[in-house]
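Each number in the numbering used here comes from the position in the sequence shown (counting from 1) with 2 added on.
In this text, a Cβ means the ideal position worked out from N, Cα and C, and glycines have one as well.
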Amino acid sequence: MDQNQPTKIAQAKAVLEKNWQGGFTIPCEGLYPFQWNWDSGFIAIGWAHIDMERAKQEIRSLLMGQWKNGFIPHILFHNESDTYFPGPDVHASHLSPHAVSLPTSGITQPPVLGFVLEACYNISEDQELGFVSEVFDSVYNNHHYFYTNRDPKGEGLVYICHNWEAGTDNTPVWDEIWKNLDSPEYELNRRDTQHVDASNRPSNREYQHYIHLIELFKEWKYNDALIAEQCPFLIQDPLFNTMLIKSNESLINLGNLLGKKKQVEQLEKWQMLAKESFNQKLFNEELGTYVYYDLRNERHLNYVSSSSFAPLFAGIPTLEMAKKMVDWYFEKGTFSGNKDELLLCASFDPKSSHFDPKRYWRGPVWINLNWIIYRGLLRYGMEELAETIKKDTLHVLEKFGFYEYFDPRKEVLKTLEKGYGGNNFSWSAALYIDILKNTTI
Ligand code: DGY
Numbered sequence: 003m004d005q006n007q008p009t010k011i012a013q014a015k016a017v018l019e020k021n022w023q024g025g026f027t028i029p030c031e032g033l034y035p036f037q038w039n040w041d042s043g044f045i046a047i048g049w050a051h052i053d054m055e056r057a058k059q060e061i062r063s064l065l066m067g068q069w070k071n072g073f074i075p076h077i078l079f080h081n082e083s084d085t086y087f088p089g090p091d092v093h094a095s096h097l098s099p100h101a102v103s104l105p106t107s108g109i110t111q112p113p114v115l116g117f118v119l120e121a122c123y124n125i126s127e128d129q130e131l132g133f134v135s136e137v138f139d140s141v142y143n144n145h146h147y148f149y150t151n152r153d154p155k156g157e158g159l160v161y162i163c164h165n166w167e168a169g170t171d172n173t174p175v176w177d178e179i180w181k182n183l184d185s186p187e188y189e190l191n192r193r194d195t196q197h198v199d200a201s202n203r204p205s206n207r208e209y210q211h212y213i214h215l216i217e218l219f220k221e222w223k224y225n226d227a228l229i230a231e232q233c234p235f236l237i238q239d240p241l242f243n244t245m246l247i248k249s250n251e252s253l254i255n256l257g258n259l260l261g262k263k264k265q266v267e268q269l270e271k272w273q274m275l276a277k278e279s280f281n282q283k284l285f286n287e288e289l290g291t292y293v294y295y296d297l298r299n300e301r302h303l304n305y306v307s308s309s310s311f312a313p314l315f316a317g318i319p320t321l322e323m324a325k326k327m328v329d330w331y332f333e334k335g336t337f338s339g340n341k342d343e344l345l346l347c348a349s350f351d352p353k354s355s356h357f358d359p360k361r362y363w364r365g366p367v368w369i370n371l372n373w374i375i376y377r378g379l380l381r382y383g384m385e386e387l388a389e390t391i392k393k394d395t396l397h398v399l400e401k402f403g404f405y406e407y408f409d410p411r412k413e414v415l416k417t418l419e420k421g422y423g424g425n426n427f428s429w430s431a432a433l434y435i436d437i438l439k440n441t442t443i
């Protein structure tokens, strides 16, 4: 163990404490001043190690924003703040007949809540099912929402309709969609670039596309059927579907403990179809890994990003597929560079001309994706590589602090003094604690 780890763990706890708002945790002061969906999930895992009551409160606060149809929004505006754009007025969730009175966004984020609940249960000392039983139905309803509203072909694969739903906001994959989108050139009052260097964030043109999609959703009153029929961004995303499948698996485990027979049966049906379609439709034999499917234009988007490896976490590939993928992308160097010159794991294919090691989801290392891939590698018994990714993760967090994302280039890291994006970033702190504790889910 690194000598400084106890101090670092104390610092990680201090980050969560500082970002705690008495009921939920903001991802980062200024840059993200509200409650975010998948952030809260990862943050709850961190809290579970420190203070289980806060983990429960974090999840209860997130569920306060759940719409009547089971949908869980990506931002919940419990509080007021003018440091973020787009705020509640732009999202205007009240336009949906399903919305609740708490203002929220009208788009979602990767559904992590199922496996977060299982992680919290596993971390708890008493293995008491009271809290799981309190929230199980709400999380189940969220899965029901996805499979009944976001899977128009009944394939077991759900779509996302906005890049912010992916979580990987500006991955170069979306450039393919923006290319054909004639979004208005809105004057936008961006706040993110007042907090962090604009060269680390999406471009203004990209933001115009992001807002254009929201404007369309408002015109359609966030109606899922209209979105499925008309939205120019309609993607089956490997990371998003992996999160749902992993959460299905956790809900099946927890549902069995609770004796929820009917729901478990339904979850098992969704799960079987989902895994089968995932391997059939999203695995690209030539690339030897998972890619994206553009439902609107009926085409694959054949790009490799860190999302391509997330399926390991949910046990989706066979052992043979997993071995090939890992051998090609990690052992033979595509993601580690020719002479191990890159830290694992860059968020986008380092060999691509679109790779940008500094700009948000176009190349930098993200702690939550590292955590997902680390757990995935362990699931397949690939301990050595799992250790490398763990070591790389700890290295950047211990050297630079709890930043939002990091440059993957080892040579450049020698001279850098900090990470990129927001500092004191909650999920970086929460997952640092968890990765050292080795929770099993
Ligand atoms: C942002 O504002 O960058 C967020 O990722 C959107 O959810």
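Where residue i falls, given that 16 or more other Cβ within 10 Å makes a residue buried
i, result
"R361", "buried"
"S107", "buried"
"N6", "exposed"
"P35", "buried"
"S2", "Residue 2 lies beyond the stretch modelled for the chain, which goes from 3 to 443, so this question has no answer here."
"K392", "buried"
"D409", "buried"
"N370", "buried"
"S103", "exposed"
"P319", "buried"
"D226", "buried"
"V175", "buried"
"V306", "buried"
"D184", "exposed"
"N340", "exposed"
"N165", "buried"
"A46", "buried"
"Q196", "exposed"
"N258", "exposed"
heavy atom of the ligand DGY below 7 Å from residue i C-beta
i, result
"H164", "no"
"H76", "yes"
"D199", "no"
"D194", "yes"
"D171", "yes"
Identity of the residue in the options nearest residue i by Cα
i, options, result
"L275", "N243, R301, S338", "N243"
"A324", "L345, N21, E60, I375", "I375"
"I109", "L119, G116, F117, H93", "H93"
"F87", "V398, I443, E189", "E189"
"Y434", "I318, L418, W368", "W368"
"L253", "L236, W272, I45", "W272"
"D84", "G32, I77, G132, S126", "G32"
"H96", "G339, V118, L119, G67", "G67"
"D194", "R203, N304, P186", "R203"
"G25", "G156, Q37, G169", "Q37"
Opposing strand residues paired with residue i [DSSP bridges]
i, result
"A12", "None; A12 has no bridge partner."
"L444", "Nothing in the structure corresponds to residue 444, since the chain is present only between 3 and 443."
"W38", "I77"
"Y422", "Y407"
"L344", "R411"
"I162", "I237"
"C122", "C122 pairs with nothing; no bridge assigned."
"T27", "W22"
Which full runs of the beta strand (DSSP E) of 3+ residues lie inside the region 275 to 314, going along the chain? 294 to 296, 301 to 303
Those runs of the alpha helix (DSSP H) which lie wholly inside the region 52 to 119 and span at least 4 residues: 54 to 65, 90 to 93
Can you check the region 351 to 407 for any beta strand (DSSP E) of at least 3 residues that lies completely inside it and give the ranges in chain order? none
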